[in-house]
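Trainee: Residue numbers for the sequence shown follow our numbering, beginning at 344 and rising by one.
The beta carbon of each residue, even a glycine, is placed where N, CA and C say it ideally should be.
Here the structure is a predicted model, which means the values were calculated and not measured.
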Amino acid sequence: MGSDALLRLPSMRAALFDLDGTLADTMPVCFDAFRAVFLEAFGREWSNSEIQEHFGPSEEGVLRSVLGGEREAEATERYLEHYERLHRAVPGLFDGIDRVLDRCRTAGMRRGIVTGKGARSARISAEQLGLDAHFEVLEAGSAEGWQKIDRLQRILDAWGLTGADGFYVGDHPSDVRAARELGLVALSAAWCPLADIEALRNMEPDALFESPSDMVRWLDERLE
């Protein structure tokens, strides 16, 4: 990582996390819920890559782009029904994430989530994964498009902080871009089975971790 970011770590005050693929293995749930809705609508199963082509906005925005605005509300309800049912198979947070969060807590860091998910699906995940016990704020995505920079800035403003005061960790190259835009330390979570490690490396994050335990060790070496 860059030397300037390294020097900042001992005084970090904000630990910001993506949700899907970073805190828990929920991406398969997202894909399968979309697949169920599109099967009902089109009579065939969509591949992950076909679905992912529409990612950027929240689920509501994805459904709007595929099905049209007149079907968005009904499709969203069906998506959420599938999502909540399928989510019950997720065993919990990724193994070792609780240690990452505990390390941030003991270092006195405030903890928040910034996700591209819609508010309602994010709330389902928060309740089923017990996220409220670990985080004080959760900023969801927008049907209008990718809004992570805005959401990260919103949390920093509410806490009276700047990008120089924290880090953002996520499993997608765009998460590195969002962190860099605000001057946050950019950390990549490559522990999700669906993570594209080479794409993450190509973004040159300040650090890349292939397991939560790697991130714990990294934090231990750098935080007071």
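By DSSP, does residue 500 sit in helix, in strand, or in coil?
Mentor: helix
Trainee: Hey, out of 425, 420, 456, whose CA is closest to residue 367's CA?
Mentor: 456
Trainee: Please name the residue, chosen from 355, 382, 395, 439, that lies closest to residue 371 on a Cα-to-Cα basis.
Mentor: 395
Trainee: Only counting the same chain, and skipping five residues up and downstream in sequence, which positions put a Cβ closer than 8 Å to that of residue 430?
Mentor: Closer than 8 Å at Cβ, skipping near neighbours: 369, 372, 467, 468, 471.
Trainee: If you run the structure through DSSP and keep just helix, strand and coil, what is residue 363?
Mentor: strand
Trainee: Rounded to whole angstroms, what's the CA-CA distance from residue 542 to residue 416? Just pull it up for me.
Mentor: 34 Å
Trainee: What are the residues that DSSP puts in a beta bridge with residue 552?
Mentor: 532
Trainee: Between residue 427 and chain B, is any beta-carbon pair separated by less than 8 Å?
Mentor: The chain inventory of the structure shown lacks chain B, comprising one protein chain alone.
Trainee: Considering just the uninterrupted stretch of the alpha helix (DSSP H) at residue 413, what are its terminal residues?
Mentor: Start and end: 412-430.
Trainee: May I ask which residues mark the beginning and end of the beta strand (DSSP E) holding residue 482?
Mentor: 480-482
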